[in-house]
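Comments concern the structure below.
Residue numbers (our numbering), protein chains in the order written: chain A, 1474 to 2127; chain B, 27 to 511; chain C, 342 to 644; chain D, -3 to 213.
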């Protein structure tokens, strides 16, 4: 705990330093970055130490605000969430130092103030044990990230994204506020002294809305595809990788606090998760903007996490330790994995944007040959996102599928049906996700450059490459180390699954070991086949020739199969879920001028649910504004009427 | 000691009408403000003795509102010096319609400003209902010329509405005085209408008359507080008055008027009618918040937006006081937070107005680039006033909401939160639209420190109250809340 | 007496091309031709392995990795699926899920390799391959889970070992549905009619073949061999289910299964020569139908 | 019962109706002045034996202010504004009279609802006071000219004053005078305002002063 406090202190000091040195941008930025990296390193130490089994004493200091107290605790759950927060944020800071380094203006410098505050507040959210402290950290986190999102507010789209984000997060916070105040009935608002003043059903519902909005559950996800692309890439990485996970954390914490949750919670979570997963994956397929696609894939992955939690609750309700433990463990592991590969992918996308100046897939291509490190790292991340063995994403999804399959194969229908839903959803999500990342990676990094900008792309500097490589290594490592990680996860899982997780997870660990064997065989075969081919080709001629141009007289790079065309078959199948706007300028006339075709996929929920709702409210309010019509006589009449009514109401009553 | 509070301001006010030199008059203004602040600070150290047979005394409630007024007056005075320097004599062009107009003579402005503050001070001191009424009516009359500082037709219209509506309301309060007198009459003898005496004699008061009296006070003074639907004058006056005046109106005057209602509630509580008054306060509070939620979204004039937000926050305060208990303490804390925050925003609005020459939200763009300091303060003020951590209003609103939920009044809590959210969205749209964006059109430039420092100081206090509520303040608020009963 | 566990994968590697040959032979016969000899696929492989290679100028190592990973994943899949009564060497509880993931890995690299060429031709094939997987995977997984519920185990080897006459007698309708579902998956996954036409190279009609257009020499050999192994593996799955000969003597069971494989080859040939290829936009319906069959089977076994 | 008191009250009542019915502003001003004087006498009539001195002072003061200062002031304003009569008010005169009757009924009802204070000076007092007050409100609401609204405010204030004079003897003279002073200043300020309005708008129709609003048709 002292180490953690020190880390927070360092972060805040970095923020203060940045503010103090804002006048000298270069140094201000350095202080901010330094504070972020040092603080994250310290915090990582503190968190890992707890996960390795040395408990940290909780802290409870008086705080002179109503109901407030500096109540901090670092239990395994908090520590587990701290690990990705600090790890990814630190790397993102290093990356951002170069990413923003080009522009030495004051705003870029001040952004480091917000970055440090954001990291500190995320950590505070996770360790806070007092409602007021939690709310303050929660809101500060939202505000800091808002200011980071709107860093480039000359751009009208960025402004709109910022507005959407601020409004969405504030709406969520309203629910959170009510939830926490209801949670802490009685005198204190400390989490260890909760006395719920309402039924668990209501509390869970409030939590689902409030924290689901932060986590990006469909249909509360609309802010996510707006805000994450708008932010600078290292910020997008932090927001998408870890910040939305604080929503998951808070949901978990709530579930542990409200007491026995109603039976429908588990199945509901499974359905919500499945919905978010599938829809997120489909929406991701429809995007042309790389970062927007990644944002939607975050929606998808949060869906997987929530689905896992739902499985855990279902198992808990059905008294099936295996399912309960596997669901929660898989969810948690996926939180970690997603933090790593999504962070990695956003950083990679950032490198691409940095090098080419565009986020539009249709203007990229062939980047692998120009930025091999970025390409290779991104490929690892993409494969992990696609849940391909032997990477991390695969391990966590396999655990979930395993739990679900066991439940489906052995449990009573009440538990088996949700499990089957989860299983089917996982299969669809997996295939969709694989198609999505294959599309994105292939179109962006493979083939030939579609524009000169993409052709002149260059590898970024070390400060941007190093985080990519480290994250890629972590993605692979998590996959290979999964069996042992599972054991380390047991203490985190135990309180959530409501049982001793270690034995419940043992068979899964065995399975993972068997899987590791298979993976070893696979790698051996790959190596063997590669060796064999090398041997065979050693004595043959190996020529390099242009690819056959499909019979075109003069094939251009734009004729390659692009992102839109790649996704077309799937989008046609899922068109009912989507809104795809086509902009077609067909060639016409005897001498057709330039023709063009483009698609964009605005968020259907925003289009069909939220915008109309907001418009409706605005109209309704506007209709009431005649009350302020400007005629003083009637204003006085209001007074008279009020008086008469009140008189009649009090004096008139016998 | 009480004399020390009143006399300097009054004297300076009278004097200001006759002083020729602008510089000297401005010194006089700031000096009076300083003296007032010093005297107010002294009252925290030593309880001032009641004077004039207990007509003037400073209880916890009065001291709270006095302190708010004094602090705001100090900030406003400092700001006014820079403001008056910017303004100045002669005809100028009205940037909304291009008409020529000139300002009221500065002497009259300064004098009325000082007398206005004096009247408000008197309100916080008055223990006698009649005197309270006289003082409150005096605030109306002293502030009317301030609103008509810019002599064009819009400010004139605003002034007229302010005068007429508030006078009518105040007249009702006068009737309330008489009803109270009747309620306090037994046989041929009537109790002196002093708050302490009436509280002491609470149970003997004549209930139906007392109830009616309270209604009249509520509607009468409530008109001046700006409780919906009696708030109609407020947006006009606040938007047309010079920003420094708007700051005082919104931050100090509304609270003083509220004090009038609270005095009545004190008596009701003593007579065992506390629930009656409280329910009414809760109702008006929620109604005011709803009204703000109606008018703030899509508001095209940022000073009107601030004015409606004042309606909302007086509603919040009334709501909390109505709930009673911890909520009342929270409400008083909220009164402090709101006054400081809103005053700060009005001062900043003055800077914006001076640079962009427009009150239309749509005309202001790229504030953060054109006026960095004002822009930051503007955004910070918006966050503070809409109850976002780490600013004070968040804590006070949280306290109030908590109490509502503890009392199991879920419907009220939902309404409370809902209107807060709507107001937030509405203000966010306007404020962000102004703060963000590129700065084409308006050119940047250095900002006068006299325009920034007072607002920044107020903002710093609001921020401070958001991370640390001094225990002395809290106990003082609790004492005041206990007085309300 | 138990058979050595490495028999199934070896069988797949050895006989996979043979199965391809049987299908081709059947089709030829149906068309009234003599058709290629059964050894033809083997000859092709040998010939290709002897050739040199030509790589596209734009390609990266991913293009070269495609065939290798494809082949390796197919081989591993073959090592996960039992043959008749013969348990698979890498069998473990939960391997049915791993099977799906491993195949996905191979598909992923095939798609990337196709996109690596930058040829719109191969991009088209990649797109279709990736798209159809969205429908085959759930169908496959759900069918296997239904089996798992029947057999009460998550290991393919164990559950298929349990599918004997008794099981058929107990749950014939469910098993029949599963056989139908798996047959569709078998055809789709291996690029057979009515989903894909392995014989033409006409871009409008095909999926799998077009992806490998730029591969040549040993790479093409690996692709072809891998495809054959995949075909055999899925066939083994199907046959293990449809031919419930569980005498306890592994060799007898294996012999029965071999017979089943031949029959499956013939059947595939018959299907291919009797059906026209579906229009691409109708393929998802077919595959969804397979998924629905699996779900129906599940409801039958859930009771 | 107190006969002179009732007489005065009835007189006040009549002035109320007179105001509702008349269109000429000058006569309105006169009527209000008359009402003010009646109030002065009301104070005297309602005073107890021991408080005659106090009552006398108040009578003199209020009569002076309400009977003479106000009319003089308002007539001057009227001259400045050059308006003679309230042309087509928002609610016509006949209707206003009907409204007046309704208001009378309401105040009588309220009077019955409110239990008498222990010494029932006159059953008419409370209703008449309320009536006058409400008439003032009606004038403000239904008339256009700013001047009429000032009159309305005065009438309202008169009603309240009548109430106080009749029922509350305790109010210290200082407060009474303070109140009177406030009203005086108020009317004075309003007069100035009207002067400016006239100069700015060339009319004093307040219903045409509606530039400040949040709603446009």
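Note that the Cβ used here is the ideal one computed from N, Cα and C, for glycine as well.
Quantities reported herein were computed from a predicted structural model and do not represent experimental measurements.
Spatially closest choice to residue i from the options, by CA coordinates
i, options, result
"residue 1758(A)", "2103(A), 2102(A), 2073(A)", "2073(A)"
"residue 2034(A)", "2061(A), 1943(A), 2105(A), 1839(A)", "1839(A)"
"residue 1853(A)", "1779(A), 1907(A), 1993(A)", "1907(A)"
"residue 580(C)", "353(C), 602(C), 590(C)", "602(C)"
"residue 2013(A)", "366(C), 393(C), 387(C), 383(C)", "393(C)"
"residue 1994(A)", "405(C), 412(C), 610(C), 534(C)", "412(C)"
"residue 241(B)", "446(B), 198(B), 221(B)", "198(B)"
"residue 358(C)", "493(C), 385(C), 494(C)", "385(C)"
"residue 194(B)", "463(B), 289(B), 257(B), 172(B)", "257(B)"
Opening and closing residue of the beta strand (DSSP E) in which residue i lies
i, result
"residue 2071(A)", "2069 to 2073"
Pairwise C-alpha distance: residue j and residue i
i, j, result
"residue 2067(A)", "residue 1924(A)", "17 Å"
"residue 17(D)", "residue 171(D)", "34 Å"
"residue 686(C)", "residue 423(C)", "Past the boundaries of the shown model lies residue 686(C); chain C is included only from 342 to 644, so the question cannot be answered."
"residue 205(D)", "residue 175(B)", "18 Å"
"residue 67(D)", "residue 177(D)", "16 Å"
"residue 1980(A)", "residue 494(C)", "13 Å"
"residue 72(D)", "residue 22(D)", "11 Å"
"residue 1844(A)", "residue 454(C)", "18 Å"
"residue 1718(A)", "residue 529(C)", "38 Å"
"residue 1656(A)", "residue 1626(A)", "38 Å"
"residue 399(C)", "residue 1767(A)", "26 Å"
"residue 1652(A)", "residue 203(D)", "49 Å"
Residue i in three-state terms, based on DSSP
i, result
"residue 385(B)", "coil"
"residue 1619(A)", "helix"
"residue 1912(A)", "helix"
"residue 1601(A)", "strand"
"residue 1657(A)", "strand"
"residue 62(B)", "helix"
"residue 244(B)", "helix"
"residue 1663(A)", "strand"
"residue 164(D)", "coil"
"residue 157(D)", "helix"
"residue 1540(A)", "coil"
Start-to-end residues for the alpha helix (DSSP H) that takes in residue i
i, result
"residue 1704(A)", "Here residue 1704(A) belongs to no alpha helix (DSSP H), and DSSP marks it neither H nor E."
- With 8 Å as the limit, tell me which residues of the stretch 2098 to 2111 of chain A have their beta carbon closer than that to any beta carbon of chain D; keep them in chain order. 2098, 2099, 2100, 2101, 2102, 2103, 2104, 2105, 2106, 2107, 2109, 2110
- Item | Contact set between the stretch 97 to 114 of chain B and chain D, restricted to residues whose Cβ is under 9 Å from the partner | none
- Query: Name the residues in the stretch 336 to 359 of chain B whose C-beta lies less than 8 Å from a C-beta of chain D; which are they?
  - Reply: Cβ contacts with chain D: none found.
- Query: Residues in the stretch 1536 to 1552 of chain A with C-beta within 9 Å of chain E's C-beta atoms, listed in sequence order?
  - Reply: In summary, chain E is missing from the structure at hand, where the protein chains are A, B, C and D.
- Item | chain A contacts from the stretch 187 to 201 of chain D (Cβ-Cβ distance under 9 Å) | none
- Task: Identify each residue in the stretch 62 to 77 of chain B for which the Cβ-Cβ distance to at least one residue of chain D is less than 8 Å, and report them in chain order.
- Result: none
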